[in-house]
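**Q** Let me begin by handing over the structure; questions about it come next.
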Amino acid sequence: MTIRLDALSAASATAVILAATLLAGCGAGGSPSGADDQSGQSSSAQSGTSNSVSIDDLGLVNPGTLTVALATTDPPSSYLNDNDEPDGYNVKILEDIAAQIGIPIDWKAAEYSVHIPNIANGTWDTATQGALVTEERLKQVDFSTPVSFAQARLVSLKSAPYATFADAAGTRVGVYTDALQAAAEKEIPNVEIVKYEDNAALLNALRAGQIDAYAMGQNTALQQRSDNDDLALSDPITTGEVAIPLPKGNTALVQAFDDALAKLAANGTLAELHRTYNTGVDIPQELKDAYPEFAE
């Protein structure tokens, strides 16, 4: 396994420390789930992809290797585990796809904010960012078939809970991303949106009475409720399709990913990974509907 930190994060000192940590975690042993070793010595490596397209025709940044931007602190999608190895739902999906194609992965640790721009400019082949498919992003990159569907919850106080987004009509609702703002504005009649910098600021504002609730991605919302017994959650809503970003116009690579994902859906791997890494979250019906042979 090869893991390198590209000089693209804001703090160079942090980058040096993280690079050392990543390299230290690449000793002997395979991936944490027992998947094939990504060092290039995998016994499953073949001369062609899962759909018999030559690896040489995939237009990879580095021929014969899948170069992947790695987010190291975004569980459950992508992070470093206790052994300093790449782990997470999106990481395991990419490892399985690479194994089907028959190529090793070269991990490049970098912040999420630079993933899509550097796929678009030809620096990397893909990323562990399970990205919402939006019109703006489709101008920069292409996407695989879905790996999930993003869901959100409305977080409120148990003393004044909201069972659904619509129940919060006419209230002040906090958000910290444009996607969550769009979801809140769509689902909550006459809502007043208040923007915050991060999760901690949202929670503080809720407890201080500055907002009546805040919109949050489902996994984070569930974790916050687990950690704070004064919080209540609404029913979930679906906020968009999540897929793997790939270079614009590279139809061969997109097709190889789509073929591999169809097999992971049909043999139950996609469902198993979703249950493993999204504890307590039902598999979205939209994800099941995206694959005619989806197996649980």
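For the sequence shown, the positions run -24 to -1, 1 to 272 when mature numbering (1 follows the signal peptide of the UniProt record, and there is no 0) is used.
Glycine is no exception: its CB is placed at the ideal position from the N, C-alpha and C atoms.
Note that the structure is predicted; figures quoted are calculated from it, not measured.
What number of angstroms, rounded off, separates the C-alpha of G106 from the C-alpha of F141?
**A** Taking the sequence shown and counting its residues from 1, the one referred to as residue 106 is at position 130. Taking the sequence shown and counting its residues from 1, the one referred to as residue 141 is at position 165. Approximately 24 Å between the Cα atoms of the pair.
**Q** Residue range of the alpha helix (DSSP H) that Q261 falls in?
**A** Working through the sequence shown from its first residue, we reach residue 261 at position 285. Looking at the DSSP string, the run of the alpha helix (DSSP H) that includes Q261 is 261 to 266.
**Q** List the DSSP bridge partners of F125.
**A** The count along the sequence shown starts at 1 and reaches residue 125 at position 149. E217, per the DSSP bridge assignment.
**Q** Please determine, among I259, A241, H250, the residue with the shortest C-alpha to C-alpha distance to T121.
**A** Numbered from its first residue, the sequence shown carries residue 121 at position 145. When only C-alpha atoms are compared, the closest one is A241.
**Q** Leaving aside the five residues before and after E269 along the sequence, list all residues of the same chain whose C-beta is less than 6 Å from its C-beta, in chain order.
**A** For the purposes of this step, residue 269 is taken as the residue at position 293 of the sequence shown. These residues qualify, in order along the chain: A242.
**Q** Do you know how far the Cα of A208 is from the Cα of G185?
**A** As a working mapping, residue 185 is identified with position 209 in the sequence shown. As a working mapping, residue 208 is identified with position 232 in the sequence shown. The alpha-carbon atoms of G185 and A208 are separated by roughly 15 Å.
**Q** Evaluate G3 with the Cβ neighbour count: other Cβ atoms within 10 Å of its Cβ, from every protein chain shown; 16 or more gives buried, anything less gives exposed.
**A** Mapped onto the sequence shown, residue 3 falls at position 27. Its pLDDT being 36, under 50, G3 is placed unreliably by the model, and nothing is read from it.
**Q** Can you find the residues in the same chain that come closer than 8 Å, C-beta to C-beta, to K171, ignoring five residues on each side of it along the sequence?
**A** Here the question's residue 171 lines up with position 195 in the sequence shown. Hits under 8 Å: G150, V151, Y152, Q157.
**Q** If you drop the 5 nearest sequence neighbours on each side, which residues of the same chain put their C-beta closer than 8 Å to that of D206?
**A** The sequence position of residue 206 within the sequence shown is 230, counting from 1. Correct list, in chain order: L133, K134, S135, R183.
**Q** To the nearest angstrom, how far is it from the Cα of A247 to the Cα of E272?
**A** Taking the sequence shown and counting its residues from 1, the one referred to as residue 247 is at position 271. Taking the sequence shown and counting its residues from 1, the one referred to as residue 272 is at position 296. Rounded to the nearest angstrom, the two C-alpha atoms are 5 Å apart.
**Q** Would you decide whether K68 is buried or exposed? Buried here means 16 or more other CB atoms lie within 10 Å of its CB.
**A** The residue given as residue 68 occupies position 92 in the sequence shown. Label assigned to K68: buried.
**Q** Mind pulling the alpha helix (DSSP H) runs of 4 or more residues that sit fully within the region 152 to 195?
**A** 154 to 163, 175 to 183, all fully within the region 152 to 195.
**Q** In chain order, what residues of the same chain have a beta carbon less than 6 Å from the beta carbon of A74, not counting five sequence neighbours either side?
**A** In the sequence shown, residue 74 corresponds to position 98, counting from 1. Correct list, in chain order: L42, I81.
**Q** Would a C-beta distance cut-off of 8 Å place A103 and A45 closer than the cut-off?
**A** In the sequence shown, residue 103 corresponds to position 127, counting from 1. In the sequence shown, residue 45 corresponds to position 69, counting from 1. It is a contact, given that the beta carbons lie within the stated cut-off.
**Q** Who are the Cβ neighbours of E163 in its own chain at under 7 Å, not counting the five residues just before and after it?
**A** Mapped onto the sequence shown, residue 163 falls at position 187. So the list reads F141, A142, I213, once near-sequence residues are dropped.
**Q** Please check the pair G64 and S53, which I expect to be a contact at CB under 8 Å, by giving their CB distance rounded to whole angstroms.
**A** Along the sequence shown, read from residue 1 onward, the residue named residue 64 stands at position 88. Along the sequence shown, read from residue 1 onward, the residue named residue 53 stands at position 77. Contact flag correct, Cβ pair sits at about 5 Å.
**Q** How long is the line joining the alpha carbons of F119 and P221, rounded to whole angstroms?
**A** What you label residue 119 is simply residue 143 of the sequence shown in a count that begins at 1. What you label residue 221 is simply residue 245 of the sequence shown in a count that begins at 1. Near 5 Å, if we compare the C-alpha coordinates of P221 and F119.
**Q** Please return the same chain residues whose Cβ sits closer than 8 Å to the Cβ of T196, not counting the five positions on each side in sequence.
**A** Looking up residue 196 in the sequence shown gives position 220. Counting only Cβ-Cβ distances below 8 Å, and skipping sequence neighbours, we find N175.
**Q** Just the C-alpha distance for S89 and Y55, rounded to the nearest angstrom, thanks.
**A** Position 113 of the sequence shown, counting from 1, holds the residue named residue 89. Position 79 of the sequence shown, counting from 1, holds the residue named residue 55. If I take the Cα positions, the gap works out to 15 Å.
**Q** Check this for me: beta carbons of G98 and L229, under 8 Å apart or not?
**A** Within the sequence shown, the letter at position 122 stands for residue 98. Within the sequence shown, the letter at position 253 stands for residue 229. No, they are not a contact pair.
**Q** Out of G193, D60, V123, N57, which has the shortest C-alpha to C-alpha gap to A238?
**A** For this step, residue 238 is matched to residue 262 along the sequence shown. Looking at the Cα atoms, V123 is the closest of the given residues.
**Q** Below 8 Å between beta carbons: does that hold for K264 and V117?
**A** The residue you call residue 264 lines up with position 288 of the sequence shown. The residue you call residue 117 lines up with position 141 of the sequence shown. Cβ atoms of K264 and V117: not closer than 8 Å.
**Q** One question on the structure: do W83 and V37 come within less than 8 Å of each other, judged by their Cβ atoms?
**A** Taking the sequence shown and counting its residues from 1, one reaches residue 83 at position 107. Taking the sequence shown and counting its residues from 1, one reaches residue 37 at position 61. Result no, Cβ atoms of W83 and V37 do not sit closer than 8 Å.
**Q** Using the C-alpha atoms, what's the distance from V131 back to T215?
**A** Working through the sequence shown from its first residue, we reach residue 215 at position 239. Working through the sequence shown from its first residue, we reach residue 131 at position 155. The straight-line gap from Cα to Cα measures roughly 16 Å.
**Q** In terms of residue numbering, what span does the alpha helix (DSSP H) encompassing D235 cover?
**A** Counting from 1 along the sequence shown, the entry for residue 235 is found at position 259. Taken as a continuous stretch (DSSP letters only), the alpha helix (DSSP H) holding D235 covers 227 to 242.
**Q** How many Å lie between A181 and Y190 at the Cα?
**A** Within the sequence shown, residue 181 is the residue found at index 205, counting from 1. Within the sequence shown, residue 190 is the residue found at index 214, counting from 1. Taking the straight line joining both Cα atoms gives about 9 Å.
**Q** For V29, I'd like the list of residues in its chain whose CB is within less than 8 Å of its CB, leaving aside the five on either flank, ordered along the chain.
**A** Mapped onto the sequence shown, residue 29 falls at position 53. The answer, listed in chain order, is A228, Q231, A232.
**Q** Starting from the C-beta of Y161, find all residues in its chain whose C-beta is less than 7 Å away, skip the five residues before and the five after it, and write them out in chain order.
**A** Taking the sequence shown and counting its residues from 1, one reaches residue 161 at position 185. The sequence as given places Glu at residue 161; Tyr does not occur at that position. Cβ within range, chain order: V167, I169.
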